[in-house]
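Student: One structure is given below, represented as structure tokens, and several questions about it will come after.
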Amino acid sequence: NYQTFGAKYIVHQKKTLLGDEMGLGKTIQAIATMASLKAQGKNHFMVVCPASVLINWVREIEKFSTLSVTKVHGADEESLRAWRGNGDVAVTTYESISRFDLPEKFTFDMLVVDEAHYVKNPKAQRTVAMMKLLNKTENVLYMSGTPLVNRVDEMCFLVNCLQPETAKQLESVKNISTAQQFRQELAPVYLRRVREDVLKELPDLIEKEQWCNLNSTEKSIYRDAVLSGNLMAIRQVSWQVDDIKDSTKAMRLCEICEDAKEQGRKIIVFSFFRKTLDKVRQLLGDRCSETISGDISPARRQEIVDEFNAAPAGAVLVSQVQAGGTGLNIQSASVVVFCEPQLTPAIENQAISRAYRMGQTSDVLVHRLLADDTIDERMLEILSTKQREFDSFADESVIGDSQLDAEQAEEGSWITKMVKEEQERLAKQ
243 NYQTFGAKYI VHQKKTLLGD EMGLGKTIQA IATMASLKAQ GKNHFMVVCP ASVLINWVRE
303 IEKFSTLSVT KVHGADEESL RAWRGNGDVA VTTYESISRF DLPEKFTFDM LVVDEAHYVK
363 NPKAQRTVAM MKLLNKTENV LYMSGTPLVN RVDEMCFLVN CLQPETAKQL ESVKNISTAQ
423 QFRQELAPVY LRRVREDVLK ELPDLIEKEQ WCNLNSTEKS IYRDAVLSGN LMAIRQVSWQ
483 VDDIKDSTKA MRLCEICEDA KEQGRKIIVF SFFRKTLDKV RQLLGDRCSE TISGDISPAR
543 RQEIVDEFNA APAGAVLVSQ VQAGGTGLNI QSASVVVFCE PQLTPAIENQ AISRAYRMGQ
603 TSDVLVHRLL ADDTIDERML EILSTKQREF DSFADESVIG DSQLDAEQAE EGSWITKMVK
663 EEQERLAKQ
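So that you can map any letter, position 39 of the sequence shown is 281 in this note's numbering, and since no number is skipped, the others follow by simple counting.
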């Protein structure tokens, strides 16, 4: 219901800042709004987002609507012209819009700006480019799960981009930004809900696929791994770069952890691979725990969990999935991240249940870091099929255990087949 209200609010207000907390479905509300405008005869929509989530936006639009999607990345004039001719949704990045050369008289029907706090600095090049786009449409949706109300000047600038008259009213009361009057002045433009507001409507478990677009270095390393037939190397796609800052999965993990910290959450990061977790710790530094692995004693494992439970929001527990996936209760965490798909749904389900169990008071967000156009896609398809099959036996523990045994026995054959298929696919490119 709150998402339905959000979509109606966006359509009615025309220029809106949607500030719903992480996990409440800002993306689906944006897609619903574009679909609604499409039903009214509107035809051209543009989504501007950080490069790290471009693939995610493309996939979400294709999954949840019948709108067609054109990906416009970098100085891609051909794709931009195709979108102008064909319509529906262009998905692009902040880095790309400064290179756009749209005809002066060309207008479109809606602009969606994800992570709108990226354009809070009026002097930044991407903000200047964004202002040009704002002049070409009457429907604008800024989206940001980052709390903004107490960052008064930033909030006033973003509101001024959308509704200048409202911004003038804010300026007059901005020195009392904690007062109810300030929030009332924001009402025509700013809609924010937090978990506590809508808790009764939320599922207890929210799962998200975080698709990453590999850079040229990652693609080269991945191709070598596939052609060598090394399954362990193939599964570590994106994590095998020399400099962890060149990993697109690592950069997405950083963003997830920052969002979680801002929302007062703690995070568990799972991987099958110790080397991957070593790189996670290298990336995130002091906020990480000691790695829970197979060679850590049960007593020390519990000490690590106790230290994590006592740590502040934003703390990260890193664990090998086979070591931390059973026997531990970690309800203080409400964000779970998988660095790569696991081999069976049961492995992932057991790991998720470390946080999603009796005593958990928050909804749990599960993020799966996935590399576009790699074996991650095929593994996800197989795991989804296996999960559906397993669910049909979920009420019978004996049958369920038998199903798990069958899965494990079957692993060797389908993994070998999957690697061979990936080798053949890459050889054709």
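Glycine residues also receive a C-beta, built at the ideal position from the N, C-alpha and C atoms.
1) Which two residues bound the contiguous alpha helix (DSSP H) that contains Ile509?
2) If I follow the unbroken alpha helix (DSSP H) through Asp520, where does it start and stop?
3) Is the segment 462-472 in contact with the segment 262-279, if contact means three or more CB pairs nearer than 8 Å?
4) Can you tell me which of the three DSSP states Trp453 falls into?
5) Do you know offhand how far Gly536's Cα is from Val547's?
6) State the Cα-Cα distance for the pair Val479 and Ala613, rounded to the nearest angstrom.
7) Buried or exposed for Asp351, going by 16 or more other Cβ atoms inside 10 Å?
8) Using 8 Å for Cβ pairs, my map puts Leu721 next to Ala272. What's the rounded Cβ distance?
9) Taking only the alpha-carbon atoms, compute the straight-line gap between Asn298 and Lys378 and give it to the nearest angstrom.
10) What separation, rounded to the nearest whole angstrom, lies between the Cα atoms of Lys347 and Leu375?
11) DSSP three-state call for Cys581: helix, strand or coil?
12) Go ahead and label Ser310 buried or exposed: buried means 16 or more other beta carbons lie within 10 angstroms of its beta carbon, across all protein chains shown.
13) Leaving aside the five residues before and after Leu622 along the sequence, list all residues of the same chain whose C-beta is less than 6 Å from its C-beta, in chain order.
14) Just the C-alpha distance for Gln671 and Glu664, rounded to the nearest angstrom, thanks.
15) Kindly indicate which residue of Met493, Arg523 and Gly527 has the alpha-carbon position closest to the one of Gln562.
16) List the endpoints of the continuous beta strand (DSSP E) containing Leu259.
17) Report the rounded CA-to-CA distance for Cys581 versus His609, giving the unit in angstroms.
18) Under 8 Å, with one C-beta from each stretch per pair, do the segment 508-523 and the segment 476-490 reach the 3-pair mark?
19) What did DSSP end up calling Ser470 once you bin it into helix, strand or coil?
20) Going by alpha carbons, who is nearest to Leu353 out of Asn551, Val333, His359 and Leu447?
21) Report yes if the C-beta distance between Ile657 and Leu469 is below 8 Å; otherwise report no.
22) How would you write the range of the beta strand (DSSP E) that Lys313 sits in, first residue to last?
23) What three-state label does DSSP hand Met264 in the structure shown?
24) At 4 residues or longer, what runs of the alpha helix (DSSP H) sit wholly inside the segment 327-389?
25) Assign Arg214 to one of three DSSP states: helix, strand, or coil.
26) State buried or exposed for Gln405, treating a residue as buried only when at least 16 other CB atoms are found within 10 Å of its CB.
27) Can you tell me which of Thr603, Arg667, Glu590 and Ala597 puts its alpha carbon nearest to the alpha carbon of Gln629?
28) Would Met578 and Val606 be called neighbours here (beta carbons separated by less than 8 Å)?
29) Would a C-beta distance cut-off of 8 Å place Ile572 and Ala597 closer than the cut-off?
30) Give me, in chain order, the residues of the same chain whose beta-carbon lies closer than 6 Å to that of Leu519; leave out the 5 immediate sequence neighbours on both sides.
31) To the nearest angstrom, how far is the alpha carbon of Arg542 from that of Ser489?
32) Which of helix, strand or coil does DSSP assign to Lys662?
33) Where does Val295 sit, in a helix, a strand or coil, going by DSSP?
34) Where does Tyr432 sit, in a helix, a strand or coil, going by DSSP?
35) If you draw a straight line from the C-alpha of Ala593 to the C-alpha of Ala575, how long is it?
36) Tell me the residue span of the alpha helix (DSSP H) that contains Val483.
Tutor: The short version:
1) First-last for Ile509: Ile509 to Ser513, but that is the beta strand (DSSP E), not the alpha helix (DSSP H).
2) From DSSP, the alpha helix (DSSP H) with Asp520 extends over Arg516 to Leu526.
3) No, because fewer than three Cβ pairs between the segment 462-472 and the segment 262-279 fall closer than 8 Å, the two stretches do not touch.
4) Note: Trp453 maps to strand in three-state DSSP.
5) C-alpha separation (whole angstroms): 15 Å.
6) The alpha-carbon separation between Val479 and Ala613 amounts to approximately 7 Å.
7) Buried, by the Cβ-count rule.
8) Since the first and last residues shown for the chain are 243 and 671, residue 721 lies out of range.
9) If you take the alpha carbons of Asn298 and Lys378, they lie about 25 Å apart.
10) Distance between the alpha carbons of Lys347 and Leu375 is about 12 Å.
11) If DSSP states are grouped into helix, strand and coil, Cys581 belongs with coil.
12) The Cβ neighbour count for Ser310, taken over all protein chains shown within 10 Å, is under 16; the residue is labelled exposed.
13) Take Leu622, set aside five residues on each side of it, and the residues of its chain with a beta-carbon closer than 6 Å to its own are Pro583, in chain order.
14) Those two C-alpha atoms are separated by around 11 Å.
15) Taking Gln562 as reference, the option from Met493, Arg523 and Gly527 with the minimal CA-CA separation is Arg523.
16) Note, Leu259: beta strand (DSSP E), Lys257 to Leu260.
17) Going from the Cα of Cys581 to the Cα of His609 covers about 9 Å.
18) At 8 Å Cβ cutoff, the stretches touch.
19) DSSP places Ser470 in helix when its eight states are reduced to three.
20) Considering only alpha carbons, the answer is Val333.
21) Annotated as distal: Ile657 and Leu469, with beta-carbon spacing of 8 Å or more.
22) Where Lys313 is concerned, the enclosing beta strand (DSSP E) stretches over Val311 to Val314.
23) In the three-state reduction of the DSSP assignment, Met264 falls in the coil class.
24) You should have 336-339 and 367-376.
25) With the chain covering only 243 through 671, there is no way to say anything about residue 214.
26) So Gln405 counts as buried.
27) Checking every option, the nearest Cα to that of Gln629 belongs to Glu590.
28) A small correction: the amino acid at residue 578 is Val; Met does not occupy that position in the sequence shown. A contact, by the Cβ cut-off of 8 Å.
29) A distance below 8 Å separates the beta carbons of Ile572 and Ala597.
30) Excluding residues within five positions, the ones whose Cβ falls inside 6 Å are Ser513, Thr533 and Val560.
31) Between Arg542 and Ser489, the C-alpha separation is close to 31 Å.
32) Under the three-state reduction of DSSP output, Lys662 falls in the helix class.
33) Three-state DSSP puts Val295 in a helix.
34) In the structure shown, Tyr432 sits in a strand (DSSP, three-state: E or B).
35) Looking at the two C-alpha atoms, the distance is approximately 12 Å.
36) Premise fails: Val483 is in no alpha helix (DSSP H) and is neither H nor E.
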